[in-house]
Amino acid sequence: MKVLLFSQLVAVFTFGVGQSAALAAAAASSKSSMELRYFNARGAAEVIRVMFALQGEEYTDTRYEITPGTMNAPQFVKAKESGGLDANMGRAPILVIDGETTLGQSKAIERFLAQKFQLMGNSELEAAQIDCIAEHCRDVKDAAMRKGFSAFARDKTDDEKAAARKEWFESDMPTMLGKLEKAVQLSSDGTYAVGSSTSYADVSIFALLRDCTMQADQEDTLQAASDCKLLMSIADRISKEKGVAEWIKNRPVTNF
Numbered sequence: 000m001k002v003l004l005f006s007q008l009v010a011v012f013t014f015g016v017g018q019s020a021a022l023a024a025a026a027a028s029s030k031s032s033m034e035l036r037y038f039n040a041r042g043a044a045e046v047i048r049v050m051f052a053l054q055g056e057e058y059t060d061t062r063y064e065i066t067p068g069t070m071n072a073p074q075f076v077k078a079k080e081s082g083g084l085d086a087n088m089g090r091a092p093i094l095v096i097d098g099e100t101t102l103g104q105s106k107a108i109e110r111f112l113a114q115k116f117q118l119m120g121n122s123e124l125e126a127a128q129i130d131c132i133a134e135h136c137r138d139v140k141d142a143a144m145r146k147g148f149s150a151f152a153r154d155k156t157d158d159e160k161a162a163a164r165k166e167w168f169e170s171d172m173p174t175m176l177g178k179l180e181k182a183v184q185l186s187s188d189g190t191y192a193v194g195s196s197t198s199y200a201d202v203s204i205f206a207l208l209r210d211c212t213m214q215a216d217q218e219d220t221l222q223a224a225s226d227c228k229l230l231m232s233i234a235d236r237i238s239k240e241k242g243v244a245e246w247i248k249n250r251p252v253t254n255f
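At position 205 of the sequence shown the residue is numbered 204 (numbering that gives the first Met the number 0), and the sequence of numbers has no breaks.
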């Protein structure tokens with residue numbers, strides 16, 4: 000049996016510690032730095048921020064201030080004119096990765112982060128199911144926009160908007176959510192929308208039901224979803240995740 004001298008043991012231990020430190024340093028240096036650029040609003044960027052919060056991932060949340068009483072955002076205009084928003088055809092949001100690569104389109108950013116944060120399931124099939132549910136959620140949001148009752152709609156009178164809003168929340172949205180409930184039941188284990196862990200699909204359901212961009216719509220959305228037990232349980236679970244709950248509590252207060 001070979002016996003190592005004390006000096007040899009120290010050398011072996013020192014090498015092991017040094018190797019571990021080197022691996023840790025390499026992992027840290029390979030970690031991407033990310034900056035999200037969007038208006039000082041929730042809008043098209045809030046699902047992205049929620050994903051960062053859920054993961055506990057650090058990032059820079061750059062916000063273009065909107066001049067009160069107007070829709071003017073001088074910092075946004077400056078960024079657009081300088082070419083800083085070219086990756087999204089002069090629009091926001093933009094995700095800047097390692098200070099160099101820029102990525103546009105909110106849904107592309109969401110999917111990039113979902114892959115990075117392992118929120119796309121454990122197989123190609125689960126990834127497709129997750130993507131499908133996220134698209135269903137987008138369909139519901141798009142249908143609400145087409146209804147034309149938002150504060151940004153300009154082609155209806157206030158009375159026409161009120162009637163459209165009533166029809167949406169009392170008839171159209173409950174019908175669409177009922178269909179979404181049935182679709183999610185096909186892939187859910189009763190806890191998660193797909194598979195056996197939290198996914199991008201769960202986050203999308205949360206954003207649709209529990210994190211309305213316009214707070215005036217939140218109560219009516221919950222009422223429209225009252226019969227969708229599975230969807231509501233998924234949304235409630237995400238809202239109670241530590242990172243998400245802290246983000247909701249502490250995020251900047253904005254009008255939309």
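For each residue, glycine too, the CB sits at the ideal point set by N, CA and C.
For the putative contact between residue i and residue j, defined by C-beta atoms under 8 angstroms, what is the C-beta separation to the nearest angstrom?
{"i": "residue 96", "j": "residue 87", "result": "About 14 angstroms separates the two Cβ atoms, so there is no contact after all."}
{"i": "residue 182", "j": "residue 132", "result": "7 angstroms"}
{"i": "residue 198", "j": "residue 84", "result": "That pair is no contact at about 30 angstroms."}
{"i": "residue 136", "j": "residue 203", "result": "4 angstroms"}
{"i": "residue 129", "j": "residue 200", "result": "4 angstroms"}
Do you know offhand how far residue i's Cα is from residue j's?
{"i": "residue 144", "j": "residue 69", "result": "21 angstroms"}
{"i": "residue 252", "j": "residue 37", "result": "15 angstroms"}
{"i": "residue 228", "j": "residue 212", "result": "22 angstroms"}
{"i": "residue 42", "j": "residue 255", "result": "6 angstroms"}
{"i": "residue 140", "j": "residue 207", "result": "7 angstroms"}
{"i": "residue 89", "j": "residue 59", "result": "20 angstroms"}
{"i": "residue 73", "j": "residue 192", "result": "41 angstroms"}
{"i": "residue 247", "j": "residue 51", "result": "12 angstroms"}
{"i": "residue 67", "j": "residue 39", "result": "11 angstroms"}
{"i": "residue 71", "j": "residue 103", "result": "21 angstroms"}
{"i": "residue 257", "j": "residue 142", "result": "The chain is shown only over 0 to 255; residue 257 falls outside these bounds and no answer can be derived."}
{"i": "residue 195", "j": "residue 107", "result": "24 angstroms"}
{"i": "residue 151", "j": "residue 160", "result": "11 angstroms"}
{"i": "residue 184", "j": "residue 49", "result": "24 angstroms"}
{"i": "residue 156", "j": "residue 31", "result": "48 angstroms"}
{"i": "residue 57", "j": "residue 178", "result": "36 angstroms"}
{"i": "residue 61", "j": "residue 113", "result": "21 angstroms"}
{"i": "residue 123", "j": "residue 148", "result": "38 angstroms"}
{"i": "residue 100", "j": "residue 33", "result": "10 angstroms"}
{"i": "residue 222", "j": "residue 98", "result": "43 angstroms"}
{"i": "residue 64", "j": "residue 138", "result": "29 angstroms"}
{"i": "residue 169", "j": "residue 154", "result": "22 angstroms"}
{"i": "residue 249", "j": "residue 242", "result": "11 angstroms"}
{"i": "residue 215", "j": "residue 111", "result": "31 angstroms"}
{"i": "residue 77", "j": "residue 35", "result": "16 angstroms"}
{"i": "residue 162", "j": "residue 188", "result": "38 angstroms"}
{"i": "residue 205", "j": "residue 158", "result": "30 angstroms"}
To which residues of the same chain is residue i closer than 6 angstroms at the C-beta, ignoring the five residues directly before and after it?
{"i": "residue 54", "result": "116"}
{"i": "residue 239", "result": "none"}
{"i": "residue 81", "result": "none"}
{"i": "residue 75", "result": "63"}
Within the same chain, show all residues whose beta-carbon is closer than 8 angstroms to that of residue i, passing over the 5 residues directly before and after it, in chain order.
{"i": "residue 235", "result": "209"}
{"i": "residue 256", "result": "This structure cannot settle anything about residue 256, because the visible part of the chain is limited to 0 through 255."}
{"i": "residue 4", "result": "Low per-residue confidence applies at residue 4: pLDDT is 48, beneath 50, and the placement is therefore not dependable enough to give any value."}
Considering only C-alpha positions, which residue in the set the options is nearest to residue i?
{"i": "residue 134", "options": "100, 49, 175, 82", "result": "175"}
{"i": "residue 220", "options": "244, 194, 167", "result": "167"}
{"i": "residue 217", "options": "164, 241, 76, 75", "result": "164"}
{"i": "residue 146", "options": "172, 63, 123, 127", "result": "172"}
{"i": "residue 186", "options": "77, 214, 126", "result": "126"}
{"i": "residue 232", "options": "64, 190, 121", "result": "190"}
Just reading off the beta strand (DSSP E) that residue i is part of, what are its end residues?
{"i": "residue 242", "result": "Element bounds for residue 242: not the beta strand (DSSP E) but the alpha helix (DSSP H), 241-249."}
{"i": "residue 93", "result": "93-96"}
{"i": "residue 33", "result": "33-38"}
{"i": "residue 63", "result": "59-63"}
{"i": "residue 102", "result": "100-103"}
Under DSSP, the alpha helix (DSSP H) around residue i begins and ends at which residues?
{"i": "residue 175", "result": "172-184"}
{"i": "residue 158", "result": "157-166"}
{"i": "residue 219", "result": "217-223"}
{"i": "residue 73", "result": "73-80"}
{"i": "residue 123", "result": "123-146"}
By Cβ distance, which residues of its chain are closer than 7 angstroms to residue i, with the 5 residues on each side in sequence left out?
{"i": "residue 79", "result": "89"}
{"i": "residue 180", "result": "227, 229, 230"}
{"i": "residue 121", "result": "194"}
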